[in-house]
Structures are given as structure tokens and as C-alpha cells.
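Using this note's numbering, you'd call the opening residue of the sequence shown number 435 and step up by one each time.
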Amino acid sequence: MTETDLIYKIASLYYEDNQTQQEIANRLGISRIKVSRLLQQARTSGIVEISLKKQNGNFTDLENRIASQWQLKEVILSSSESMDKDEILSQLGKAASEYAQRVIKGNETISLTWGSTLSAFLQNLPGMDFPKLKIVQMLGGLGSPEAAVHSSDLVRRFSDKTGGIGRFLSAPGVVTSLAVKEGLLKDPHIMETLELAEHADLAFVGIGAPASDSMLMSRGTIISREILDELKAAGAVGDICLRYFDGQGRIIKHLINDRVIGIETDGIRNIPRVVAVAGGPEKTQAVRGALNSGL
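In C-alpha cells:
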């Protein structure tokens, strides 16, 4: 989101929705002083006169309607000139990067999952100087450790970009049995890392879809085709942090839950601000299910 887009959003919330400057500041994660300054800029630049002028390609009205319908703090929509997956990833990454630059103050704890969308986000994130920032891995490793979408590599890249401190979860994301999971969760380092992830101020997550060509399947050793078919038969349309849900947002009960090393659904809900980054036609049902889930 550019500063011009932010001015349009703030002006709409202030003049059309009658929100106070403090309410807008709390909602968007910025200071009241910045809200006041941008409102003044909206007036002096002619964006706000008697009525609000709309910028071509600006989605403020739709963003506000979606946020209101699902009781979200903020929605950011991004357009793509084509349906090419790489182009969509690039646009999502840019939007997530602009949002992160706006809301990160430098003393937060941020939890992070995995995936190509978050990799695109970090690729677009410029360098920052936040040595007090903590970046925490909220899901064990999935796929090859050297892969650019691997959760530990994303934490490393995020901490490198910001100058922050990375906290890694030294465990696979999916283990072979409940007994193995219970044994790993007794490890003090793993316990402390998951607890830190659950008490984060902010989380960046991707939204997965249970498809045969998904990254979970293409990486080879994460989940089997049999498990994928079982999840789909149970109604799964998507996942956040490998917590699968159906179209109504209900968490799917499956044995895979007993094998995942990562933050639980209640832990995700307890994080004050969860930023889900997703897009593309193949993610439509998954995004709607995620909205209904309250995650």
C-alpha cells in the first residue's frame, strides 16, 4: 500500500465512516499524529473536498466492506495484470512488504509460518534497523531445509532484513506419530519457542489449499496423497499453520493434528494481529474458509 492509498483509506474511515483519529490509529497500527498529518495532507492535496474523490484502481470501499463483514482490523486488496502465479505472488509480496513497513515499530515479537507467499513478502521487504525485533518460527520445518520457503529460512531472512533476533523451532513440521510429537514437546527449547510464538504481538501467515500440486505435495515428504484425500473428503478447503478448516471455518478433526509441531489454533487466535497473505483463484475457497474460521 502506497502512502497515497493509505491517505485514501484514512480519509474514508474518518469522513465516511465517522471514526475518530484514535480509532483509525489503533485499527491501522500507526500513531494518531500520523493519522492527523495524513488527513491534513488529504485536504491540502485536494483528495478531500466536499466529497471523497476516488483514485482509479483504489479498493478502499471494498476493503472496508470486507473488514466490516468479517470484523477485521484491516483489509488490503492488490490487483494483478495477469493470472500468472509469479505475477500474483509478486503483487502480494509488495503489498505485504508495504504493510509491514507501516506497522512494525521495532520492539515487537513477530511469529512466522512458511510458504511461497511469505517468501515473496520477504523478497520485497527492504532493509531495516530493528535490533530489538524478535522473529519466531511458529511451525516446524517442512521440506528441504535449504528451500527458500522453509520456515527456518524465512525466519533467517526476516531477521537478516530487519537486524532482529531469529528464534528457530528445531523440529520437523510433521512427525511420524503422536508419541514422537509428545517427546519433542518435552524439549525445553521447543516448548519455549512455541510459547514465545503464541505470545507474539504480530504474525505473518500464509493460507494453504489442499491440492495435489500444492507445495506440501511437491516437496515430497510432508504429507501423503492418502492424507490429502482424507482431508478433502472431510471437507478441508485450506489451512493456516497446517491447521485445516472447512468452508465454514470449522477445524477439521484428523490424525494429522496429532503429528504437527507448531502453534495450535487457540494460540493463533490469541495473537493480537494475524496478517494472512494469500491470493489467486486457487485460493478462493481457502481464503473464505480462513475468514470464517476467525484465525
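Just so you know, even glycine gets a beta-carbon here, dropped at the ideal spot from N, CA and C.
The secondary-structure analysis by DSSP pairs Ala710 across a beta bridge with Val639. With a beta-carbon spacing of about 15 Å, Ser512 and Ala501 fall beyond the 8 Å limit used to define contacts. The C-beta separation of Ile641 from Ile686 comes to about 15 Å, leaving the pair out of contact by the 8 Å criterion. The segment 492–510 and the segment 545–558 do not touch, with fewer than three beta-carbon pairs separated by less than 8 Å.
Distance between Asp495 and Pro606, taken at the CA atoms: about 42 Å. Under the DSSP assignment, Gly672 falls outside any alpha helix (DSSP H), being part of the beta strand (DSSP E) whose first and last residues are 670–674.
In this structure Asp520 is exposed. Its beta-carbon is surrounded by fewer than 16 other beta-carbon atoms within 10 angstroms.
When only Cα atoms are considered, Asn452 and Ala670 end up about 39 Å apart. Taking all protein chains in view, the Cβ of Asn704 is surrounded by fewer than 16 other Cβ atoms within 10 Å, so the residue is classified as exposed. Cα atoms of Asn498 and Phe602: separation of roughly 36 Å, rounded to the nearest angstrom.
The alpha-carbon of Ile656 is positioned some 47 Å away from that of Tyr448. By the C-beta density criterion, Gln456 is exposed, having fewer than 16 other C-beta atoms within 10 angstroms. Pairing Ile569 with Gly597 gives a Cβ-Cβ distance that is not under 8 Å.
The shortest CA-to-CA distance from Gly480 to any of Ala445, Leu462, Pro644, Ser593 is the one to Ala445.
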